[in-house]
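In the working numbering, the protein residues as written are 2 to 546.
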Amino acid sequence: MHQRKPLEAEAGPRTAGLSLSGSSSGSFASETNGSSSARQRHAHSSSGSLSRSPGERARKQRILALHSGRTQWSRLFFLGLWISIGAWGLVGTWMVLEVRRELLDGGADSNLRSRPIQGTKTALRWPGRKPAEAFQRISEAAPECYDLEDPSEITLTLVTQVSHDRLWMMEHHCDRYRVTGPEDQRKQQHRMSIAVYSNATKGEIVDELEAMGCGVITNPESDDATYNEVGVEVSVLSARTHGAWNNYPVNELRNLALSRVRTTHILYLDVDFWPSDSLYEMLLGDDDEGNGPPSPVQQALLADPRQALVIPAFQLWRQCAEWADCRGENLPHMEAARTLHGLAHEVKTYKSVSIFDPTNVGGHGSTSYPSWFRQAPGSVLPIDCLQSNRYEPFVVVRYCRDLPPFQKAFAGYGKNKVTWVMHLVAAGYVFRQVGGTYLIHYPHLDSASRQHWNNSGKKKEPGEEEKPPGESSGSNSERNSRSGGNSKRSRVDHLFVEFKDWLADTIPSADRRLPLCDDAQDDDGKLWVDHHSPKRRQHRSGDDG
2 MHQRKPLEAE AGPRTAGLSL SGSSSGSFAS ETNGSSSARQ RHAHSSSGSL SRSPGERARK
62 QRILALHSGR TQWSRLFFLG LWISIGAWGL VGTWMVLEVR RELLDGGADS NLRSRPIQGT
122 KTALRWPGRK PAEAFQRISE AAPECYDLED PSEITLTLVT QVSHDRLWMM EHHCDRYRVT
182 GPEDQRKQQH RMSIAVYSNA TKGEIVDELE AMGCGVITNP ESDDATYNEV GVEVSVLSAR
242 THGAWNNYPV NELRNLALSR VRTTHILYLD VDFWPSDSLY EMLLGDDDEG NGPPSPVQQA
302 LLADPRQALV IPAFQLWRQC AEWADCRGEN LPHMEAARTL HGLAHEVKTY KSVSIFDPTN
362 VGGHGSTSYP SWFRQAPGSV LPIDCLQSNR YEPFVVVRYC RDLPPFQKAF AGYGKNKVTW
422 VMHLVAAGYV FRQVGGTYLI HYPHLDSASR QHWNNSGKKK EPGEEEKPPG ESSGSNSERN
482 SRSGGNSKRS RVDHLFVEFK DWLADTIPSA DRRLPLCDDA QDDDGKLWVD HHSPKRRQHR
542 SGDDG
């Protein structure tokens, strides 16, 4: 009993402190000075039920201690629970924002193999904001420029870029861009450099190309100065490291394909433009030994390192009424039009082929198609002036460091090739069109990038009349979307204005050798920017001059 006293002295007051009040507290004060039995009697008279044996008090103490420990653990548990809920809430909010961003960007491509894992990179900037990386004046990955002394030194690579869902078109490029002659010699492939945007590995893509009959270069990493292997050289840009598919890195792919070129000249074309038969022979002749007379193309390229030779472009109209690929209906006409005789038949008899994009005069209107139909095959005809600053032909040019690169800042649809040709013109390139050879555009469905561009069009206000193409509207909605909106088209046009300003500040106007025609169309009037700013008026007047 004496061993329990400390426990009783500790437990008794704690219990009284919890249960007694008023006059009872006075009794408790006198109890502390009395004997143990007096304390027990006082406790019994005060609360009755609080009179317990020492074992019961000890058990009560343990229960209280256990309850206190459980309370602490409960607090820690609920604190951790709230932290977890908050963290998942942040993750959920981020995922919702990412999905919303993707939906606003127009979705991704339906081809699962070529569909990228979403990232955060983007090449477009907010209006009025400078690009994160400067525009480039030269092709830094190209070899140093030097003077060519003989036509036999001129060599050529066809350069293109392609997304995996259009890789099937390479079968037709490879079939058309081969050495002509007996069947046993048609296995030899002229030089091509392609950049593929895909989630597939390079080995998988090479296997696909070889299954199509393409002659793929087997030793692309050779540093031998006499390296002369012909065929298709493949580069791959992983779709996993880039952003939404509708922001397709077209110019990055073009520069990647160019960086693998080992010839003096290149012909750049997009993969949906298929070459006519004998294009290579029409340009450089069919004398592989170089003993024959130089072709007109070789003479023009040798005489002027800043010569751009235009390959005119045609288009096949879609051969089905519904909005579908209808490859089975399209391909026979594409095959028939690969020769000059077949092209004439498709144009005149079937009306299935026309000049490319006849509604877009700026894009290819500076090419003289009436003159081309009268040109001798292989001849070159000067283009004296440009009908538009938006001219974007496919050209043969010298490949060395002085060649302007494609500006990486332009991704997705809009201004990505126009800016390159503008750079060529500003740098002093002159243009001639080549007779007897051409390209034909395959009528594919719109890409995700093109759909995103189309969906960013202007909205007509109620009661507002339709305006002819190119005519400015006075509605508030259109003015806002053009000058300061965040649509794809507005952002691209603001970036385009920044490029034009950079071009004017970087290259002296005296370097330009190809003027605009007197009746050239006003391209700046179609831009979705503020045309009333002093800087824009200054540049517009400069363009006109």
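Using N, Cα and C, we set each Cβ at its ideal position, and we do this for glycine too.
Predicted model only: the values in this text are computed from it and were never measured.
Look up L517 in the DSSP assignment and give the residues it is bridged to.
Partner(s): L387.
V100 - DSSP class collapsed to helix/strand/coil:
Bear in mind that a pLDDT of 42 at V100, under 50, signals an unreliable position, so the number given afterwards is only what the model happens to contain. It is helical.
Between the beta-carbon of V160 and the beta-carbon of Y269, is there less than 7 Å?
Yes, Cβ-Cβ distance for V160 and Y269 is below 7 Å.
Less than 7 Å separating the beta-carbons of V272 and F315?
No, Cβ-Cβ distance for V272 and F315 is not below 7 Å.
Shortest alpha-carbon distance to E230 belongs to which of I312, G379, H191 and C386?
It is H191 whose Cα lies nearest to the Cα of E230.
Counting along the chain, where does the beta strand (DSSP E) carrying R433 start and finish?
Residues V431 to V435.
Look up A337 in the DSSP assignment and say whether it is helix, strand or coil.
The answer is helix: DSSP assigns A337 an H, G or I state.
My assumption, with CB atoms under 8 Å, is that Y178 sits in contact with T265. Please give the rounded CB distance.
The C-beta separation of Y178 from T265 comes to about 18 Å, leaving the pair out of contact by the 8 Å criterion.
Report yes if the C-beta distance between L233 and A301 is below 7 Å; otherwise report no.
Residue identity differs from the one stated: residue 233 is Val in this sequence, not Leu. By the CB criterion at 7 Å, V233 and A301 fall outside the cutoff.
Can you list, in chain order, the residues of its chain with a C-beta nearer than 8 Å to that of D430? Leave out the 5 residues immediately preceding and following it.
The residue asked about is misnamed: residue 430 is Tyr in this sequence, not Asp. Contacts found: R307, Q308, A309, V398, R514 and L515.
Going by alpha carbons, who is nearest to I441 out of N292, G343, V163 and I218?
When each option's Cα is compared against that of I441, the closest is G343.
Can you name, in chain order, every residue of its own chain whose Cβ lies under 8 Å from the Cβ of F1, other than the five neighbours on each side?
Beyond the ends of the chain as shown, which are 2 and 546, falls residue 1; an answer cannot be given.
Consult DSSP for Y269 and reduce its assignment to one of helix, strand or coil.
It is a strand residue.
State the start and end residues of the unbroken alpha helix (DSSP H) segment that holds H495.
In the DSSP assignment, H495 falls within the alpha helix (DSSP H) that extends over K489 to T507.
Distance, Cα to Cα, W83 vs T219?
Spanning the two alpha carbons is a distance of roughly 59 Å.
On the criterion of 16 or more Cβ atoms from any shown chain inside 10 Å, does W421 qualify as buried, or is it exposed?
Buried, since its Cβ has 16 or more Cβ neighbours within 10 Å.
Once you ignore the five residues that flank P144 on each side, which residues in its own chain have a CB closer than 6 Å to its CB?
Answer for P144: C401, listed in chain order.
Can you tell me whether DSSP reads P371 as helix, strand or coil?
It is helical.
Express the C-alpha separation of D278 and Q434 in angstroms, rounding to a whole number.
For Q434 and D278, the distance between alpha carbons rounds to 17 Å.
H586 to T340, Cα distance in whole Å?
What the structure shows of the chain is the stretch from 2 to 546, and residue 586 is not part of that stretch, so it cannot be assessed.
G364 and E393 - do their beta-carbons sit closer together than 7 Å?
Yes.
Can you tell which of L238, D326, L285 and Q408 has its C-alpha closest to the C-alpha of I155?
Measuring from the Cα of I155, the nearest candidate turns out to be L285.
Taking Cβ to Cβ, would you say S389 is nearer than 7 Å to D502?
Going by beta carbons, S389 and D502 fall outside the 7 Å limit.
Check whether V237 and V262 have beta carbons under 7 Å apart
Their beta carbons are not under 7 Å apart, which means V237 does not touch V262 by this criterion.
Can you give me the C-alpha to C-alpha distance between H445 and M193, rounded to a whole angstrom?
About 22 Å.
Can you tell me whether Q581 is helix, strand or coil according to DSSP?
For the chain, the structure presents residues 2 to 546; residue 581 sits outside this window and is missing.
Per-residue burial, C175 [other beta carbons within 10 Å of its own, 16 or more giving buried]
Buried, since its Cβ has 16 or more Cβ neighbours within 10 Å.
So which of L517, F497, S510 and L504 has the shortest CA-CA distance to L528?
Among L517, F497, S510 and L504, the Cα nearest to that of L528 is on F497.
Hey, would you say the C-beta of S488 is under 6 Å away from at least one heavy atom of the ligand SAM?
In the structure on display, the ligand SAM does not appear, and there are no ligands present to speak of.
State buried or exposed for N256, treating a residue as buried only when at least 16 other CB atoms are found within 10 Å of its CB.
N256 counts as buried, since at least 16 other C-beta atoms from the protein chains shown sit within 10 angstroms of its C-beta.
Among G526, K409, T181 and I508, whose alpha-carbon lies nearest the alpha-carbon of M283?
Taking only the C-alpha atoms, the option nearest M283 is T181.
Do L425 and L303 have their beta-carbon atoms positioned less than 7 Å apart in this structure?
No, Cβ-Cβ distance for L303 and L425 is not below 7 Å.
To which residues of the same chain is R328 closer than 7 Å at the C-beta, ignoring the five residues directly before and after it?
Non-local C-beta neighbours of R328 in its own chain, meaning closer than 7 Å and more than five positions away in sequence, are absent.
What are the uninterrupted segments assigned as alpha helix (DSSP H) that are 4 or more residues long and contained completely in the segment 300 to 324, given in chain order?
Runs of the alpha helix (DSSP H) lying entirely within the segment 300 to 324, each at least 4 residues long, are absent.
Per DSSP, E234 is paired with what?
Paired residues: S194.
Alpha helix (DSSP H) containing R255: first to last residue?
Its alpha helix (DSSP H) spans residues V251 to L259.
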